[in-house]
Amino acid sequence: METREPLTVDEAEELLAGVAVVPVLSGKMDEMKQVRARCLAAGIPVLVGCPPGAGKG
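Heads up: the sequence shown begins at 955 in the working numbering, then just goes up one per residue.
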């Protein structure tokens, strides 16, 4: 099994800049932040936020 280094939010955003991303989860913001923290700790780039035009923000 491959071991990855943990990522920061900034590193994840840099890795995903310009990449087409697809929303895969929805939920309460605190739950999404927990999912993000777990993914980043596992070295998986992830973004959390509201898609443009969704009217939340």
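The C-beta atom is built at its ideal place from N, Cα and C for all residues, glycine as well.
Cβ shell of Pro999 (< 7 Å), same chain only, five flanking positions each side left out: As a first step, residue 999 must be located in the sequence shown, where it is residue number 45. Once the five neighbours on either side are set aside, the close Cβ partners of Pro999 are Leu961, Ala966, Leu969, Leu970.
Alpha helix (DSSP H) segment containing Ala974, residue limits: As a first step, residue 974 must be located in the sequence shown, where it is residue number 20. Taken as a continuous stretch (DSSP letters only), Ala974 belongs to no alpha helix (DSSP H), as it is neither H nor E.
How is Ile998 classed by DSSP in three states: helix, strand or coil? By 1-based counting over the sequence shown, the position of residue 998 is 44. Ile998 falls in the coil class under three-state DSSP.
What is the rounded straight-line gap between the Cα of Arg992 and the Cα of Gly972? As a position in the sequence shown, residue 992 is number 38, starting the count at 1. As a position in the sequence shown, residue 972 is number 18, starting the count at 1. When rounded, the distance between both Cα atoms is 23 Å.
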